[in-house]
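Engineer: Mapping of the sequence shown onto our numbering: residues 10 to 430, in sequence order.
Provided herewith is a single structure, encoded as structure tokens, for subsequent inquiry.
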Amino acid sequence: MWLLIASVLGALVISALCSLTEAVLLSLRPGQVAELSESRPRIGLIWQRMKTGIERPIAAILILNTAAHTIGASVAGAEFDRLYGDRWIWVFSLVFTFLMLQFTEILPKSAGVRYNGAVAVWLARPLSLLVRIMTPIEASVRFINRPFSGSKSQAHVATAREEIDALTGFARMVGEISGEQESIIKRGTRFAGSKVRDVMRPRVDIDALDVDTPPDQVLGAVAMSGFARVPVYEGDLDGILGFVYIKDLLMELHMGRPLSLRRVLRPALLVPQTLRLDQLVEMFRQQRTQMAVVLDEHGGTEGLVTLEDVLETIVGTIHDEHRHQDEDVVREAERCWLVRGSLSLDRLFDTVERPELHEAAPGSVSTVGGLIQTQLDRIAQMGDSTAWHGLVLEVVKMDGLRVDSIRVRVNLGDSDVESDR
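And the structure:
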């Protein structure tokens, strides 16, 4: 009798703990693991390791759970048959099956999901020990299953960015955050992967001063540029010497000195167009500057980038006292905008609320004008239009050979890539 009771209770307890641990392991969210890492560093480290290589703890739990089920049922069934004969074995089977379903599957898994954060503190070390004990068996099983498991590259693994996007979308739906906060978070997830070329002001839009500009024209030229910092070049834009600050020029006037660009020139920070934005921010911090000259692969001036350009990739357009409206994007109608050709693709996709297009965008271009040129495969002309992933792009205005203005319409019924050349 004691063997019957012990085998039934042993199977129930071990299987219940396995199901509880499995439910906690699968339901524990990255945010909860991060909280555990702050409050209980060792516990958090264990769960980080388990979640990263989740195949090992899952295999260990299943091996122990299956062994408990099989051994418990075999021993209990044999002992029941010895005590009461095989006449009532079907009754024992029904009762045992009900107990296993209720107390080793339904109840522990429900509790594990509901109280995963609290239970995780107590289960971390036992689970880590179980994985170590089961390593030889788990390795053998993995070796046997290797021909059927396929390569990791074939498995679909959600990226951290996709998880964050999904969480922020859900948080906005339930009212925890606003739509603007959702946009900022989603832009932030793309920040580290963005390059300087994605946000820079192109060479053709740079307002700069020749270092030999007559003194009586310097202040007027700087004032007309509308910027507090203006690049200074010698010869052409490929020979940028540095920057002048309007406050330095005003100080020269106040001191009664003739304006000399060479005297007030400050050195320029030079960066490659392939530099990541997070690296650029660190360089701005180290050099204590807010502007850099962007160089192409040949060492020529490709564009200009400022700290404000970087911040706008996260918070959106920053308006100041000289920028009363968004000149780059004008909403003409429902699902229709007039945009500048120099508008970045990131900003276009945020404007039309199509974040999935970030992954579809060609890696060789970063502006709407560049996208149109790529789709047409020739120099654009006024009136040209092209369809790309549900967007219809029409050239409205040209500035010489450069696309100046583009009308963008969202075509909900067509997501194919087509062109009208």
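Just so it is clear, CB atoms sit at the ideal spot from N, CA and C, and this is done for glycine as well.
1) Is the beta carbon of residue 303 sitting closer than 9 Å to the one on residue 282?
2) Can you give, in chain order, each stretch of the alpha helix (DSSP H) that sits fully within the region 17 to 59 and has at least 4 residues?
3) Determine, using beta carbons only, whether residue 222 comes closer than 9 Å to chain B.
4) For the region 383 to 398 against the region 308 to 324, are there 3 or more C-beta pairs whose distance is under 8 Å?
5) Compare the Cα-Cα distances from residue 195 to each of 349, 131, 359, 351 and report the closest residue.
6) Can you grab the Cα-Cα spacing for the pair residue 108 / residue 141, in whole Å?
7) Enumerate, from N- to C-terminal direction, the unbroken beta strand (DSSP E) stretches of 3 or more residues contained entirely within the region 231 to 307.
8) Closer than 8 Å to a non-hydrogen atom of the ligand FMN - does that hold for the CB of residue 35?
9) Relative to the C-alpha of residue 255, which candidate in 25, 239, 248, 205 has its C-alpha closest?
10) Quick one: what's residue 406 bridged to in DSSP?
11) Quick one: give me the first and last residue of the alpha helix (DSSP H) that residue 201 is part of.
12) Tell me which same chain residues have a C-beta within less than 6 Å of the C-beta of residue 27, skipping the five on either side of it?
13) To the nearest angstrom, how far is the alpha carbon of residue 22 from that of residue 78?
14) Rank 219, 233, 224, 352 by C-alpha distance to the C-alpha of residue 414 and give the top, closest one.
15) Closest by CA to residue 198, which one among 313, 323, 418, 205?
16) Excluding the five sequence neighbours on either side, which residues of its own chain have a C-beta within less than 6 Å of the C-beta of residue 32, listed in chain order?
17) Let's see if you can read the secondary structure: which residues bound the beta strand (DSSP E) around residue 350?
18) Using the DSSP secondary-structure output, state which residues sit across from residue 376 in a beta bridge.
19) As a quick exercise: from 95, 55, 85, pick the residue whose alpha carbon is nearest that of residue 133.
20) In the DSSP assignment, what are the bridge partners of residue 342?
21) Between the beta-carbon of residue 313 and the beta-carbon of residue 300, is there less than 9 Å?
22) Can you list, in chain order, the residues of its chain whose CB lies under 8 Å from that of residue 60, leaving out five sequence neighbours each side?
Structural biologist: Working from what's here:
1) With contacts defined as CB atoms closer than 9 Å, residue 303 and residue 282 qualify as a contacting pair.
2) The region 17 to 59 contains these whole alpha helix (DSSP H) runs: 39 to 48.
3) Absent here is chain B; the protein component of the structure consists of one chain.
4) Under the 8 Å Cβ criterion, the region 383 to 398 does not count as touching the region 308 to 324, having fewer than three qualifying pairs.
5) Per the Cα distances, 359.
6) Between the alpha carbons of residue 108 and residue 141 lies a distance of about 30 Å.
7) Counting whole runs of 3 or more residues, the region 231 to 307 contains the beta strand (DSSP E) stretches 238 to 243, 245 to 254, 278 to 281, 300 to 304.
8) Absence of the ligand FMN is noted for the structure shown, with no ligands found whatsoever.
9) With distances taken between Cα atoms, residue 255 lies closest to 239.
10) Its beta-bridge partners are 414.
11) No alpha helix (DSSP H) holds residue 201; DSSP gives it neither H nor E.
12) Around residue 27: 70, 73, 74.
13) Their backbone Cα atoms lie some 10 Å apart in a straight line.
14) For residue 414, the nearest C-alpha among the options comes from 352.
15) Selected option, being the one with the closest Cα: 323.
16) Excluding sequence positions up to five before and after residue 32, its CB lies within less than 6 Å of the CB of 118, 121, 122, all in the same chain and listed in chain order.
17) Bounds of any beta strand (DSSP E) do not take in residue 350, whose DSSP letter is neither H nor E.
18) Residue 376 pairs with 353.
19) Nearest of 95, 55, 85 to residue 133, Cα basis: 55.
20) Residue 342 pairs with 345.
21) For the pair residue 313 and residue 300, the CB atoms are nearer than the 9 Å cut-off.
22) Correct list, in chain order: 34, 37, 39, 42.
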